[in-house]
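Counted from 1, the sequence shown has number 61 at position 61 by UniProt numbering; the numbering is strictly sequential.
For glycine and all other residues, C-beta sits at the position ideal for the given N, C-alpha and C.
Only a predicted model underlies this, so the values are computations on that prediction, with no experimental measurement involved.
All remarks here apply to the structure that follows.
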Amino acid sequence: MKASPPLNVSFCSAILSFFTFLFLFFTPSKLIAKATVDQDASCRSTLGHFYLPEKCWNDTEKKIWSQLLQGKKADLNSLEFWDNAPNKPAHLQPQPKSNENWEEPRLIRAGFLRSILLNKDFKDEVPHKGVRISGALFCEELDLSSSHIERTVWLDNSRFEKNVSFDGVKSGFMLSLEGSGILGNLNMLGAVIPGQLNLSSLYLGGGFNLESIHVKGTLFLNDAVIVGAADVLKNPDNKNIELPFVDRSPSSVCRDRIFTKESRVAKGNEPSLATDNAELKTSPVVRDDCLLEPANGVENFMRGAVVDGDLEMNRARFYYGLDMDRAQVEGIFFMRDLSANQFIFVNGSVKGNAYIEGSRIQSLFMEGTRLGGSVFIDQNFSRHKKMCLSFLKVDGNVFFDHSVLGNLELSYASVQGMLSFGKGREKSLWQNDSRLDLKNASATRLEMDLHPKQGEDKFPGIPGLIHIQGMTLSHWELLGAQENREEDMENLKHWLSLHKPYTPQPYQEAAKVLRKAGFEAEASEILYTGRERERQELSHSFGKKIWLLLMDALIGYGYKIERSLISIGVMIALGWLISLGAGLVRLKGGVWVFWFSLGRLLPIIRLDDEHSKFQLHGIVKYYFYVHHIVGFVLGSFLLAGLSGLTR
Numbered sequence: 001m002k003a004s005p006p007l008n009v010s011f012c013s014a015i016l017s018f019f020t021f022l023f024l025f026f027t028p029s030k031l032i033a034k035a036t037v038d039q040d041a042s043c044r045s046t047l048g049h050f051y052l053p054e055k056c057w058n059d060t061e062k063k064i065w066s067q068l069l070q071g072k073k074a075d076l077n078s079l080e081f082w083d084n085a086p087n088k089p090a091h092l093q094p095q096p097k098s099n100e101n102w103e104e105p106r107l108i109r110a111g112f113l114r115s116i117l118l119n120k121d122f123k124d125e126v127p128h129k130g131v132r133i134s135g136a137l138f139c140e141e142l143d144l145s146s147s148h149i150e151r152t153v154w155l156d157n158s159r160f161e162k163n164v165s166f167d168g169v170k171s172g173f174m175l176s177l178e179g180s181g182i183l184g185n186l187n188m189l190g191a192v193i194p195g196q197l198n199l200s201s202l203y204l205g206g207g208f209n210l211e212s213i214h215v216k217g218t219l220f221l222n223d224a225v226i227v228g229a230a231d232v233l234k235n236p237d238n239k240n241i242e243l244p245f246v247d248r249s250p251s252s253v254c255r256d257r258i259f260t261k262e263s264r265v266a267k268g269n270e271p272s273l274a275t276d277n278a279e280l281k282t283s284p285v286v287r288d289d290c291l292l293e294p295a296n297g298v299e300n301f302m303r304g305a306v307v308d309g310d311l312e313m314n315r316a317r318f319y320y321g322l323d324m325d326r327a328q329v330e331g332i333f334f335m336r337d338l339s340a341n342q343f344i345f346v347n348g349s350v351k352g353n354a355y356i357e358g359s360r361i362q363s364l365f366m367e368g369t370r371l372g373g374s375v376f377i378d379q380n381f382s383r384h385k386k387m388c389l390s391f392l393k394v395d396g397n398v399f400f401d402h403s404v405l406g407n408l409e410l411s412y413a414s415v416q417g418m419l420s421f422g423k424g425r426e427k428s429l430w431q432n433d434s435r436l437d438l439k440n441a442s443a444t445r446l447e448m449d450l451h452p453k454q455g456e457d458k459f460p461g462i463p464g465l466i467h468i469q470g471m472t473l474s475h476w477e478l479l480g481a482q483e484n485r486e487e488d489m490e491n492l493k494h495w496l497s498l499h500k501p502y503t504p505q506p507y508q509e510a511a512k513v514l515r516k517a518g519f520e521a522e523a524s525e526i527l528y529t530g531r532e533r534e535r536q537e538l539s540h541s542f543g544k545k546i547w548l549l550l551m552d553a554l555i556g557y558g559y560k561i562e563r564s565l566i567s568i569g570v571m572i573a574l575g576w577l578i579s580l581g582a583g584l585v586r587l588k589g590g591v592w593v594f595w596f597s598l599g600r601l602l603p604i605i606r607l608d609d610e611h612s613k614f615q616l617h618g619i620v621k622y623y624f625y626v627h628h629i630v631g632f633v634l635g636s637f638l639l640a641g642l643s644g645l646t647r
């Protein structure tokens, strides 16, 4: 068979082209426009739906998808994304919380994001690096509630003009909104994040709901600003806005109420709670069985946080500890029934009262913290751990009533009100071999039951060792009723004896307070007890030991002047007996011999010239030489005691 000539094929093609031209020429343009409109309407009709078909994606969304398929980050702030075109939005670098410079080319739809994250036709094509988008604009609400997102999601430095919801989401390893701005609410009720939730530098204009969230790694909230819109605050359904455990935040600002309720952050390599230098313009609450379980030795941080309202941490559990170094609380600080290995609140401040009650804290550090109200501490401390409140400054009172205390450091602390360890049934008890350090501390009033008897749970009523060098007080309820005065004095002496090594200042301070209360004799007794400790415990040269022994025996260190009178009487009687044996009593009479013995004893003073002219012989002569020398010694000690030189 012969092949058809080429002319026939060309002729058929020409005929087909001719009829196509006629169809297009005579078809009304309205029909073509209608077809285009129908396609646009089809795309618009999907905007309220969960997914956005690929045919309806805009150029930016298509470019984003292309970048993601290559394993790249779709960074709308980079020139590379816009093929280095000089007039593209990458040059503007808009701020997420500002509406300036957010041009239409940055716009992507919520349906597009849902499609590539959740639609099986697309999500399986996403590389293992996940969906990483930066600098995008979302004008509609983004709702991913109850979704299972298999990949890591980064929506950084983007702007969300409506609400964003991740309620009930089960995400990939990481979910990040770092540097983004959300003008509406952020809801993550019951979300489960296997790795990290990064909200660093987030600007949130609406409410913040993270109730019952489970972050298995760390929640980062660095430099975040959480404003909380008025309509959200007034909504009664949003009274308990949940913020669990966040990471270092050098300048975070939160103006809504913050709670944690039944939330958990499990062990990880990063801190599970940290708001370093955060400014919380609210009343944060960490409570209701919150479980914070950081990894080995990693603490939970609120360093430098500023809380404009009250801070409440009740019934929370910090497996390792809580670090609030330099934190400021403008209201009241509640920490009741809290469990932690250690609590650090160094160089911080609380303008109201602080309540640390019923908690189980192994170590407490509050050095240099300033409190405008009072401090109430009622809990048990182990003696093996430290409770350090050195340099604490309290404008009100400090109460340790009902506590069982271990090693307590209050050195250089300043309490404008009362420092109370309780009395009677409300008294504090102490762990065995515990230590109390009040070095250079000051208080207007000290209340402490000094009875050393053990309490009902066999803990002693006073510490095993104290250090009170430099402590100053205005008032100290040391002594009770008259019938118990002797027992109270013995308890006070025993309590002061626990101050080791010996220094005189604590005894002097106790005596000052006793004198101020009108107990002059008791004050002298305390000072005498202190000098006795000095003689017995300190290392002295042989001469110093003799000197102290004579001061004690002759004048009681100046606090028992009556001893010198007794010594004078003994010497007069001894001189009279010596004179009796020598026959002077029969010769001169007993009265004359008494005055003779007294005259020879008194230094300088002459009672009768005959006494000095009377000639003695034998052993009596040499005895009265010694008698006269002893008189000089007794007189010197008596004058020294009366002048206070020996005290």
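Inter-residue spacing [alpha-carbon to alpha-carbon] between residue i and residue j
{"i": "Asp121", "j": "Pro53", "result": "10 Å"}
{"i": "Glu140", "j": "Arg109", "result": "7 Å"}
{"i": "Ser567", "j": "Glu534", "result": "23 Å"}
{"i": "Ser474", "j": "Lys493", "result": "19 Å"}
{"i": "Ala340", "j": "Leu155", "result": "35 Å"}
{"i": "Ser541", "j": "Leu549", "result": "12 Å"}
{"i": "Val169", "j": "Lys123", "result": "16 Å"}
{"i": "residue 648", "j": "Phe208", "result": "Residue 648 lies beyond the range of the chain shown here (1 to 647); nothing can be said about it."}
{"i": "Asn163", "j": "Leu210", "result": "14 Å"}
{"i": "Ile361", "j": "Glu150", "result": "40 Å"}
{"i": "Asp552", "j": "Val630", "result": "16 Å"}
{"i": "Leu177", "j": "Asn198", "result": "6 Å"}
{"i": "Gly635", "j": "Lys544", "result": "19 Å"}
{"i": "Gly422", "j": "Phe637", "result": "43 Å"}
{"i": "Ile116", "j": "Asp323", "result": "41 Å"}
{"i": "Ser374", "j": "Leu186", "result": "38 Å"}
{"i": "Val591", "j": "Ala582", "result": "15 Å"}
{"i": "Leu580", "j": "Leu642", "result": "33 Å"}
{"i": "Lys129", "j": "Arg326", "result": "39 Å"}
{"i": "Pro463", "j": "Thr472", "result": "19 Å"}
{"i": "Glu532", "j": "Cys388", "result": "32 Å"}
{"i": "Ala35", "j": "Val126", "result": "In this prediction, Ala35 scores a pLDDT of 37, lower than 50, which makes its location untrustworthy; the coordinate-derived value is nonetheless stated afterwards. C-alpha separation (whole angstroms): 33 Å."}
Own chain residues within Cβ distance below 6 Å of residue i, not counting five before or after
{"i": "Phe333", "result": "Leu311, Val350, Ala354"}
{"i": "Leu183", "result": "Glu161, Gly205"}
{"i": "Tyr623", "result": "Ile578"}
{"i": "Leu107", "result": "Leu137"}
{"i": "Ser390", "result": "Glu367, Glu409, Ser411, Tyr412"}
{"i": "Arg445", "result": "Met418, His475"}
{"i": "Arg370", "result": "Ser349, Lys393"}
{"i": "Gly352", "result": "Gly331, Ile332, Gly373"}
{"i": "Lys621", "result": "none"}
Contact under 7 Å by Cβ, residue i with residue j
{"i": "Val346", "j": "Glu330", "result": "no"}
{"i": "Gly406", "j": "Ser434", "result": "yes"}
{"i": "Val570", "j": "Leu584", "result": "no"}
{"i": "Asp395", "j": "Gln416", "result": "yes"}
{"i": "Gly304", "j": "Arg336", "result": "no"}
{"i": "Ile344", "j": "Phe365", "result": "yes"}
{"i": "Ala511", "j": "Ala523", "result": "yes"}
{"i": "Ser147", "j": "Leu113", "result": "no"}
{"i": "Asn491", "j": "Leu450", "result": "yes"}
{"i": "Ser420", "j": "Glu447", "result": "yes"}
{"i": "Ile546", "j": "His499", "result": "no"}
Nonlocal neighbours in the same chain, by C-beta distance under 7 Å from residue i, ignoring five residues either side
{"i": "Val96", "result": "Before going on, a small fix: residue 96 reads as Pro here, not Val. Contacts found: Asn157, Ser158, Arg159, Gly179, Ser180, Gly181, Tyr203."}
{"i": "Leu587", "result": "none"}
Contact with chain B by residue i, beta-carbon distance below 7 Å
{"i": "Leu429", "result": "In the structure shown, chain B does not exist; there is a single protein chain."}
Spatial neighbours of residue i in its chain, beta-carbon cut-off 8 Å, leaving aside the 5 residues before and after
{"i": "Leu601", "result": "Ile568, Met571, Ile572, Gly575, His627, His628, Val630, Gly631, Leu634"}
{"i": "Leu142", "result": "Ala110, Leu113, Phe160, Lys162, Asn163, Val164, Ser165"}
| Is the stretch 558-571 close to the stretch 516-530, with three or more CB pairs under 8 Å? | yes
| field | Segment contact, 8 Å Cβ cut-off, at least three pairs: the stretch 126-134 with the stretch 74-85 | value | yes
| field | Complete beta strand (DSSP E) runs within the stretch 315-355 (minimum length 3 residues, chain order) | value | 317-323, 333-336, 339-344
| message | Just to confirm the assignment: which complete alpha helix (DSSP H) runs, minimum length 4, are found wholly within the stretch 158-218? | response | none
| request: Return the chain-ordered ranges of every beta strand (DSSP E) run that is complete within the stretch 502-566 and spans a minimum of 3 residues. | output: none
| request: Run through the stretch 50-114 for me and flag every whole alpha helix (DSSP H) of 4 or more residues, listed as ranges in chain order. | output: 59-69
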